[in-house]
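Following: one structure in C-alpha coordinates, then a few remarks.
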(Lines of atoms letter the chains of each structure in order from A; the text may use other names.)
(Lines give C-alpha, C1' and ligand atoms only; values in the text may rest on other atoms or scores of the structure.)
Protein backbone atom coordinates (compact mmCIF):
# COMPACT_ATOMS: atom_id res chain seq x y z
CA UNK A 393 0.00 0.00 0.00
CA UNK A 394 2.81 2.38 0.95
CA UNK A 395 4.70 1.45 -2.19
CA UNK A 396 1.66 2.31 -4.26
CA UNK A 397 1.28 5.65 -2.47
CA UNK A 398 4.90 6.63 -3.06
CA UNK A 399 4.58 5.64 -6.69
CA UNK A 400 1.72 8.05 -7.24
CA UNK A 401 3.29 10.93 -5.30
CA UNK A 402 5.36 12.30 -8.23
CA UNK A 403 2.27 12.23 -10.44
CA UNK A 404 0.29 14.13 -7.80
CA UNK A 405 3.08 16.72 -7.40
CA UNK A 406 3.35 17.24 -11.16
CA UNK A 407 -0.42 17.61 -11.43
CA UNK A 408 -0.37 20.06 -8.49
CA UNK A 409 2.41 22.09 -10.13
CA UNK A 410 0.59 22.38 -13.43
CA UNK A 411 -2.66 23.14 -11.63
CA UNK A 412 -1.13 25.99 -9.63
CA UNK A 413 0.77 27.17 -12.70
CA UNK A 414 -2.45 27.26 -14.73
CA UNK A 415 -4.17 29.22 -11.97
CA UNK A 416 -1.25 31.67 -11.84
CA UNK A 417 -1.30 32.06 -15.63
CA UNK A 418 -5.00 32.88 -15.57
CA UNK A 419 -4.41 35.41 -12.79
CA UNK A 420 -1.57 37.02 -14.75
CA UNK A 421 -3.72 37.07 -17.87
CA UNK A 422 -6.48 38.81 -15.93
CA UNK A 423 -4.03 41.48 -14.74
CA UNK A 424 -2.78 41.95 -18.30
CA UNK A 425 -6.33 42.30 -19.62
CA UNK A 426 -7.14 44.87 -16.91
CA UNK A 427 -4.03 46.89 -17.81
CA UNK A 428 -4.96 46.78 -21.50
CA UNK A 429 -8.48 47.99 -20.69
CA UNK A 430 -7.02 51.03 -18.89
CA UNK A 431 -4.97 51.86 -22.01
CA UNK A 432 -7.90 51.59 -24.42
CA UNK A 433 -8.48 55.35 -24.61
CA UNK A 434 -5.09 56.02 -26.22
CA UNK A 435 -3.92 52.65 -27.62
CA UNK A 436 -5.22 49.31 -28.86
CA UNK A 437 -3.23 46.39 -27.47
CA UNK A 438 -3.37 42.79 -28.65
CA UNK A 439 -1.33 39.77 -27.62
CA UNK A 440 -1.13 36.08 -28.50
CA UNK A 441 -0.48 34.30 -25.21
CA UNK A 442 0.46 34.68 -21.55
CA UNK A 443 2.83 32.28 -19.81
CA UNK A 444 3.88 31.98 -16.16
CA UNK A 445 6.58 29.75 -14.66
CA UNK A 446 5.92 28.91 -11.02
CA UNK A 447 9.52 28.04 -10.17
CA UNK A 448 11.26 31.04 -11.75
CA UNK A 449 8.19 33.26 -11.14
CA UNK A 450 8.72 34.80 -14.57
CA UNK A 451 5.69 35.98 -16.48
CA UNK A 452 5.86 36.47 -20.22
CA UNK A 453 3.50 37.86 -22.83
CA UNK A 454 3.99 36.77 -26.43
CA UNK A 455 3.13 38.53 -29.66
CA UNK A 456 2.26 42.00 -28.37
CA UNK A 457 1.02 44.62 -30.84
CA UNK A 458 0.40 48.21 -29.67
CA UNK A 459 -1.47 50.55 -32.02
CA UNK A 460 -1.82 54.19 -30.84
CA UNK A 461 -5.34 55.48 -31.44
CA UNK A 462 -5.55 57.62 -34.58
CA UNK A 463 -2.09 56.70 -35.89
CA UNK A 464 -0.93 54.43 -38.71
CA UNK A 465 2.21 53.17 -37.04
CA UNK A 466 2.19 50.33 -34.57
CA UNK A 467 4.68 48.79 -32.18
CA UNK A 468 5.26 45.04 -32.29
CA UNK A 469 7.00 43.10 -29.52
CA UNK A 470 7.84 39.41 -29.88
CA UNK A 471 7.96 38.80 -26.16
CA UNK A 472 7.62 40.75 -22.90
CA UNK A 473 9.24 39.04 -19.91
CA UNK A 474 8.59 40.28 -16.38
CA UNK A 475 11.47 39.06 -14.21
CA UNK A 476 10.58 41.00 -11.06
CA UNK A 477 7.63 43.20 -10.18
CA UNK A 478 6.82 44.42 -6.69
CA UNK A 479 4.87 47.37 -5.40
CA UNK A 480 1.54 49.06 -5.34
CA UNK A 481 -1.24 48.79 -7.89
CA UNK A 482 -0.38 52.04 -9.65
CA UNK A 483 3.39 52.00 -9.17
CA UNK A 484 6.14 49.38 -9.03
CA UNK A 485 8.82 49.92 -6.40
CA UNK A 486 10.88 47.13 -7.97
CA UNK A 487 10.68 46.28 -11.65
CA UNK A 488 12.86 44.25 -13.97
CA UNK A 489 11.33 43.73 -17.39
CA UNK A 490 12.54 42.74 -20.87
CA UNK A 491 11.00 43.73 -24.20
CA UNK A 492 12.37 41.36 -26.83
CA UNK A 493 12.07 41.79 -30.57
CA UNK A 494 10.74 45.37 -30.59
CA UNK A 495 10.07 47.02 -33.93
CA UNK A 496 8.01 49.91 -35.28
CA UNK A 497 5.85 48.92 -38.23
CA UNK A 498 4.59 51.36 -40.88
CA UNK A 499 4.41 55.10 -40.31
CA UNK A 500 6.58 57.74 -41.98
CA UNK A 501 9.20 57.89 -39.20
CA UNK A 502 9.63 54.11 -39.19
CA UNK A 503 10.03 54.04 -42.97
CA UNK A 504 12.70 56.76 -42.85
CA UNK A 505 14.69 54.89 -40.20
CA UNK A 506 14.36 51.65 -42.16
CA UNK A 507 15.57 53.36 -45.35
CA UNK A 508 18.52 54.92 -43.49
CA UNK A 509 19.60 51.59 -41.99
CA UNK A 510 19.12 49.90 -45.36
CA UNK A 511 21.59 52.40 -46.85
CA UNK A 512 24.08 51.32 -44.18
CA UNK A 513 23.69 47.69 -45.25
CA UNK A 514 21.42 46.32 -42.51
CA UNK A 515 18.74 43.78 -43.35
CA UNK A 516 15.13 44.36 -42.13
CA UNK A 517 15.31 41.37 -39.77
CA UNK A 518 18.31 43.00 -38.07
CA UNK A 519 16.25 46.00 -37.03
CA UNK A 520 14.57 44.33 -34.07
CA UNK A 521 15.57 45.79 -30.72
CA UNK A 522 15.70 44.39 -27.20
CA UNK A 523 14.95 46.75 -24.30
CA UNK A 524 15.74 46.05 -20.65
CA UNK A 525 14.44 48.12 -17.71
CA UNK A 526 15.61 47.37 -14.19
CA UNK A 527 15.00 49.78 -11.30
CA UNK A 528 14.38 49.89 -7.57
CA UNK A 529 12.61 52.62 -5.61
CA UNK A 530 12.57 52.82 -1.80
CA UNK A 531 9.65 55.11 -0.83
CA UNK A 532 10.63 55.33 2.83
CA UNK A 533 14.14 56.49 1.88
CA UNK A 534 13.04 58.46 -1.20
CA UNK A 535 15.81 56.70 -3.08
CA UNK A 536 15.70 55.67 -6.75
CA UNK A 537 18.24 53.50 -8.53
CA UNK A 538 17.95 52.84 -12.22
CA UNK A 539 20.16 49.79 -12.52
CA UNK A 540 19.84 49.81 -16.26
CA UNK A 541 17.77 51.07 -19.13
CA UNK A 542 19.27 49.33 -22.12
CA UNK A 543 18.41 49.48 -25.81
CA UNK A 544 20.25 46.98 -27.96
CA UNK A 545 20.09 45.89 -31.57
CA UNK A 546 21.96 42.69 -32.34
CA UNK A 547 24.97 43.17 -34.65
CA UNK A 548 24.50 46.94 -34.49
CA UNK A 549 25.11 48.33 -31.00
CA UNK A 550 23.84 48.89 -27.47
CA UNK A 551 23.16 52.02 -25.43
CA UNK A 552 22.53 51.87 -21.68
CA UNK A 553 21.82 54.29 -18.84
CA UNK A 554 22.25 53.84 -15.09
CA UNK A 555 21.27 56.46 -12.53
CA UNK A 556 21.07 57.04 -8.78
CA UNK A 557 18.78 59.76 -7.38
CA UNK A 558 17.57 60.57 -3.89
CA UNK A 559 15.13 62.99 -2.23
CA UNK A 560 12.58 61.95 -4.82
CA UNK A 561 9.13 60.40 -4.56
CA UNK A 562 8.01 58.75 -7.77
CA UNK A 563 4.56 58.18 -6.31
CA UNK A 564 3.80 61.89 -6.64
CA UNK A 565 1.64 63.13 -9.48
CA UNK A 566 3.36 64.75 -12.46
CA UNK A 567 2.94 68.32 -11.18
CA UNK A 568 4.26 67.57 -7.68
CA UNK A 569 7.21 65.70 -9.16
CA UNK A 570 7.97 68.63 -11.45
CA UNK A 571 7.86 71.11 -8.53
CA UNK A 572 10.22 68.92 -6.49
CA UNK A 573 12.71 68.71 -9.37
CA UNK A 574 15.19 71.34 -8.01
CA UNK A 575 15.53 69.47 -4.69
CA UNK A 576 16.26 66.07 -6.23
CA UNK A 577 19.82 64.91 -5.53
CA UNK A 578 21.94 63.17 -8.12
CA UNK A 579 24.56 60.73 -6.85
CA UNK A 580 25.85 59.30 -10.10
CA UNK A 581 24.90 58.60 -13.68
CA UNK A 582 26.46 56.67 -16.53
CA UNK A 583 25.54 56.64 -20.20
CA UNK A 584 27.35 53.98 -22.24
CA UNK A 585 27.41 52.95 -25.85
CA UNK A 586 28.89 49.65 -27.04
CA UNK A 587 29.34 49.31 -30.77
CA UNK A 588 29.08 46.17 -32.87
CA UNK A 589 29.13 47.64 -36.38
CA UNK A 590 27.14 50.90 -36.53
CA UNK A 591 29.91 53.49 -36.04
CA UNK A 592 32.29 52.16 -38.75
CA UNK A 593 29.40 52.04 -41.22
CA UNK A 594 28.33 55.59 -40.31
CA UNK A 595 31.87 56.92 -40.69
CA UNK A 596 32.27 55.15 -44.02
CA UNK A 597 28.97 56.56 -45.33
CA UNK A 598 29.86 60.10 -44.18
CA UNK A 599 33.35 59.87 -45.71
CA UNK A 600 31.99 58.63 -49.04
CA UNK A 601 29.45 61.46 -49.11
CA UNK A 602 32.25 64.02 -48.61
CA UNK A 603 34.62 62.24 -50.98
CA UNK A 604 37.35 61.74 -48.38
CA UNK A 605 38.90 58.85 -46.44
CA UNK A 606 37.60 57.69 -43.06
CA UNK A 607 40.91 58.75 -41.43
CA UNK A 608 40.54 62.26 -42.87
CA UNK A 609 36.96 62.40 -41.62
CA UNK A 610 38.03 61.46 -38.07
CA UNK A 611 40.79 64.09 -38.15
CA UNK A 612 38.28 66.70 -39.28
CA UNK A 613 35.78 65.79 -36.55
CA UNK A 614 38.38 65.93 -33.77
CA UNK A 615 39.73 69.23 -35.12
CA UNK A 616 36.25 70.76 -34.96
CA UNK A 617 35.85 69.56 -31.37
CA UNK A 618 39.26 71.00 -30.44
CA UNK A 619 38.24 74.41 -31.75
CA UNK A 620 35.22 74.36 -29.48
CA UNK A 621 37.21 73.75 -26.29
CA UNK A 622 37.15 76.76 -23.96
CA UNK A 623 40.25 77.77 -21.98
CA UNK A 624 38.48 77.23 -18.64
CA UNK A 625 37.59 73.64 -19.44
CA UNK A 626 40.76 72.84 -21.33
CA UNK A 627 42.02 69.95 -19.18
CA UNK A 628 38.67 68.16 -18.83
CA UNK A 629 37.77 68.78 -22.45
CA UNK A 630 41.18 67.60 -23.67
CA UNK A 631 40.81 64.33 -21.76
CA UNK A 632 37.30 63.87 -23.13
CA UNK A 633 38.50 64.62 -26.66
CA UNK A 634 41.27 62.05 -26.41
CA UNK A 635 38.78 59.40 -25.25
CA UNK A 636 36.41 60.37 -28.07
CA UNK A 637 39.21 60.15 -30.65
CA UNK A 638 40.21 56.69 -29.41
CA UNK A 639 36.62 55.53 -29.75
CA UNK A 640 36.34 56.79 -33.33
CA UNK A 641 39.58 55.09 -34.30
CA UNK A 642 38.66 51.81 -32.61
CA UNK A 643 34.90 51.78 -31.81
CA UNK A 644 34.20 49.38 -28.98
CA UNK A 645 32.66 51.11 -25.97
CA UNK A 646 32.46 54.67 -24.71
CA UNK A 647 30.91 55.94 -21.46
CA UNK A 648 29.91 59.39 -20.20
CA UNK A 649 30.06 59.41 -16.40
CA UNK A 650 29.17 61.90 -13.67
CA UNK A 651 29.87 61.12 -10.03
CA UNK A 652 30.01 64.22 -7.79
CA UNK A 653 31.89 63.83 -4.51
CA UNK A 654 28.67 64.78 -2.69
CA UNK A 655 25.08 64.36 -3.92
CA UNK A 656 24.26 67.39 -6.04
CA UNK A 657 20.84 69.14 -6.17
CA UNK A 658 19.52 69.40 -9.71
CA UNK A 659 18.86 73.10 -9.04
CA UNK A 660 22.64 73.60 -8.76
CA UNK A 661 23.07 72.18 -12.24
CA UNK A 662 20.32 74.39 -13.64
CA UNK A 663 21.85 77.55 -12.11
CA UNK A 664 25.35 76.83 -13.40
CA UNK A 665 26.76 79.48 -15.74
CA UNK A 666 30.33 78.22 -16.11
CA UNK A 667 30.40 74.93 -18.10
CA UNK A 668 33.97 74.08 -17.04
CA UNK A 669 33.19 74.55 -13.34
CA UNK A 670 30.03 72.47 -13.70
CA UNK A 671 32.00 69.62 -15.27
CA UNK A 672 34.41 69.69 -12.32
CA UNK A 673 31.59 69.72 -9.76
CA UNK A 674 29.90 66.81 -11.52
CA UNK A 675 33.25 65.00 -11.77
CA UNK A 676 32.45 64.45 -15.44
CA UNK A 677 34.61 62.15 -17.51
CA UNK A 678 34.56 60.07 -20.66
CA UNK A 679 35.95 56.55 -20.59
CA UNK A 680 36.63 54.09 -23.39
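Numbering (our numbering), first residue to last: 393 to 680. Idealized CB from N, CA, C, for every residue including glycine.
Residue i - DSSP class collapsed to helix/strand/coil
i           : result
residue 670 : helix
residue 584 : strand
residue 530 : strand
residue 485 : strand
residue 612 : helix
residue 520 : coil
residue 594 : helix
residue 664 : coil
residue 537 : strand
residue 617 : helix
Classification of residue i by the beta-carbon crowding that lies within 10 angstroms, buried from 16 upward
i           : result
residue 545 : buried
residue 587 : buried
residue 469 : buried
residue 456 : buried
residue 508 : exposed
Sub-8 Å separation of residue i and residue j beta-carbons
i           : j           : result
residue 682 : residue 558 : Given a span of 393 to 680 for the chain in the structure shown, any question on residue 682 remains unanswerable.
residue 617 : residue 633 : yes
residue 680 : residue 631 : no
residue 459 : residue 436 : yes
residue 434 : residue 472 : no
residue 483 : residue 563 : yes
residue 643 : residue 606 : no
residue 676 : residue 628 : yes
residue 656 : residue 673 : yes
residue 599 : residue 511 : no
residue 450 : residue 439 : no
The ligand ZN heavy atom lying under 7 Å from the CB of residue i
i           : result
residue 645 : Of ligands this structure carries none, so the ligand ZN is not represented either.
Does the segment 591 to 610 touch the segment 569 to 583, meaning 3 or more C-beta pairs lie closer than 8 Å? no
Give the list of continuous beta strand (DSSP E) stretches no shorter than 3 residues that lie fully inside the segment 540 to 569. Runs of the beta strand (DSSP E) inside the segment 540 to 569: 549 to 558.
Which runs of the beta strand (DSSP E) fall wholly inside the segment 627 to 660 and span at least 3 residues, in chain order? Correct list: 645 to 650.
Any contact between the segment 548 to 568 and the segment 462 to 477? By contact I mean 3 or more CB pairs, one from each, below 8 Å. no
Per the contact definition of three or more C-beta pairs closer than 8 Å, is the segment 519 to 526 in contact with the segment 483 to 498? yes
Under 8 Å: do the segment 524 to 532 and the segment 481 to 490 share three or more Cβ pairs, one atom per stretch? yes
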